[in-house]
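Heads up: the structure comes next, in structure tokens.
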Amino acid sequence: MSVTRTPVTPALAAWMDAIAPIPGPVRRLHEDMAGDEQEHMMTHPDLGALLAVLVRATGGHRVLEIGTFVGTSALWMASSLAPGGHIDCLEADPASADRAAANLRAAGYHDQVTIHVAPALDTLPALAPGYDLAYIDADKTTYPAYLDACARLVRPGGVIVADNVFGAGGDDAQAAVLRGFAERAVAHSGMLTTVLPVGDGITLSIVR
Ligand SMILES: C[S@@+](CC[C@H](N)C(=O)[O-])C[C@H]1O[C@@H](n2cnc3c(N)ncnc32)[C@H](O)[C@@H]1O
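Numbering (the numbering used here), first residue to last: 107 to 314.
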């Protein structure tokens with residue numbers, strides 16, 4: 107079978123950027139981070155916009171994020187929570203957690219977000235099932251364990267998104283781990299998964 111994919115030309119990318127509604131707090135965070143050596147860690151706006159839609163589509167009551175950094179994706183997802191909705195953010199680095207907390211507070215989301223400052227594998231076992239959506243964006247070698255944890259924590263019909271499964275298109279060990287993770291997600295009996303070329307590639311899974 108032969109399939110073609112329309113390449114995102116510079117002209118198409120410019121058109122997408124021109125029409126994309128980026129929430130003010132996210133736009134300001136990108137401006138603040140411009141030139142920072144870790145700027146590349148911020149969730150791509152195309153994925154942030156998709157996450158905002160998925161949070162709304164799945165009810166927007168309980169959201170789990172693994173890997174928060176300065177709060178880019180948390181800002182996107184908080185923008186489409188339902189009234190009373192809540193995000194549990196898992197972040198191992200205290201300095202990043204402080205920056206995320208400040209950014210979320212400045213955007214008015216302080217009450218909707220809890221940042222758990224510890225390695226995610228220490229926090230996950232204590233969380234109660236019933237999440238509408240989980241977003242995996244932390245240390246890449248632990249993605250398989252995060253997927254298993256999310257399969258327990260996300261309700262049937264909820265979704266799991268994992269970022270960077272293209273491994274930036276590289277052929278190094280980390281890229282192999284990430285593509286292996288995507289293959290595992292596709293084969294997982296507990297979920298239906300597709301791989302999408304959004305940003306650096308994502309898996310999008312719905313829990314059976
Ligand atoms: C790619 S960044 C996350 C970007 C974030 N989603 C955003 O949009 O701004 C990955 C984050 O995962 C965190 N991290 C790495 N290992 C972790 C672990 N074991 N548990 C929790 N967080 C971890 C890093 O400190 C880093 O802030």
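In this text, a Cβ means the ideal position worked out from N, Cα and C, and glycines have one as well. Bear in mind that the values here come from a model prediction, so they are computed numbers and not experimental data.
With at least 16 other beta carbons inside 10 angstroms of its own, S311 counts as buried. Shown here for E145: same chain residues with a beta carbon closer than 7 angstroms to its own, the five before and five after excluded, namely M139 in chain order. At the C-beta level, V223 and A201 stay beyond 7 angstroms of one another. For D243, the CB contacts under 6 angstroms within the same chain, skipping 5 residues up- and downstream, are G173, D269 in chain order. Listed in chain order, the alpha helix (DSSP H) elements of length 4 or more contained wholly in the stretch 139-166 are 151-163. Distances from the alpha-carbon of T178 to those of K246, A163, G165, L210 put L210 closest. Under the DSSP assignment, V176 falls outside any beta strand (DSSP E); it carries neither an H nor an E label. Contact between the stretch 210-220 and the stretch 238-255 is absent: fewer than 3 CB-CB pairs across the two stretches fall below 8 angstroms.
Here DSSP, grouped into helix, strand and coil, assigns A268 to strand. Collapsing the DSSP output to three states places H136 in a helix. In the same chain as R258, and ignoring 5 residues on each side of it, the C-beta atoms closer than 8 angstroms to its own belong to P235, in chain order. Going by DSSP, Y237 is part of the beta strand (DSSP E) stretching over 237-242.
By the Cβ criterion, the stretch 292-304 is not in contact with the stretch 187-197, since fewer than three pairs of Cβ atoms, one from each stretch, lie closer than 8 angstroms. The Cβ neighbour count for S185, taken over all protein chains shown within 10 Å, is at least 16; the residue is labelled buried. Between A163 and D152, the alpha-carbon positions lie close to 17 angstroms from each other. By the neighbour-count criterion, in which 16 or more other beta carbons inside 10 Å mark a residue as buried, T112 falls on the exposed side. Apart from sequence neighbours up to five positions away, the residues of its chain that approach L196 with a beta-carbon distance below 6 angstroms are I172, H222, A226, T229, ordered along the chain.
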